Structures are given as C-alpha cells and as structure tokens.
Amino acid sequence: MTQSIRAVYEQGHLRLLEPLHLSEGQEIQVLILAGYDRVREALSDMLVVPAAPPEPLIDEAALVQELDAHFSRAMPLSATIIAERDEGP
Numbered sequence: 000m001t002q003s004i005r006a007v008y009e010q011g012h013l014r015l016l017e018p019l020h021l022s023e024g025q026e027i028q029v030l031i032l033a034g035y036d037r038v039r040e041a042l043s044d045m046l047v048v049p050a051a052p053p054e055p056l057i058d059e060a061a062l063v064q065e066l067d068a069h070f071s072r073a074m075p076l077s078a079t080i081i082a083e084r085d086e087g088p
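First residue of the sequence shown: 0, per numbering that gives the first Met the number 0; consecutive thereafter.
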C-alpha cells in the first residue's frame, strides 16, 4: 500500500499532519520531498517526451545546388524585361 502524507520538521523530528494506517512494528520506507520536489514529481507523470523530428522529405542542400545551377545560367530579371520591351508585342 502506498500512502502519501504531509509532515512538518520540528526540533529534529517529523510531526505528521495526518494519521498513519500502519500495524505495530511494520517497516516502511520514507521518501522526503520538499514542496518544489513534490510538484516536479507530480508533474513528471504528465511529461511527454517528444518524438524525434521526421526526416525531411527533400534534400535541401541538393535543391539549393540545383536552383543555383539553373538560375546562374539565366539572365537577370531586369535584362529579361528590357529584352522583352525591345522585342515588342
């Protein structure tokens, strides 16, 4: 049986704030948590560890290289507009 109770430390002893339901001579294990630790302990049960991020669907480095190669051969936009104006409709 697990039972959680609160106690106050006074003059070198723990004074229980609630009665214990134990039989005489029963051995127990005591875990002492300060207020902050109690909150962390309670919240740790709600912690959700995020999954690893998914693998990217595309290779960004390869895409950048491909776009750079394509656009490095093309004329600048301003030159393209001037050429279209010179050609007329």
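By construction, the Cβ of each residue, glycine as well, lies at the ideal position given by its N, Cα and C atoms. In this text, all values refer to a predicted model and were calculated from it rather than measured experimentally.
Taken atom to atom, the span from the alpha-carbon of L21 to that of V48 is near 37 Å.
Here DSSP, grouped into helix, strand and coil, assigns A6 to strand.
Sorting Q10, G11, E9, L15 by C-alpha distance to the C-alpha of S3 places L15 at the top. For R5, the CB contacts under 6 Å within the same chain, skipping 5 residues up- and downstream, are L16 in chain order.
The beta carbons of E26 and L32 sit no closer together than 8 Å. A direct Cα-to-Cα measurement between D67 and I57 gives close to 16 Å.
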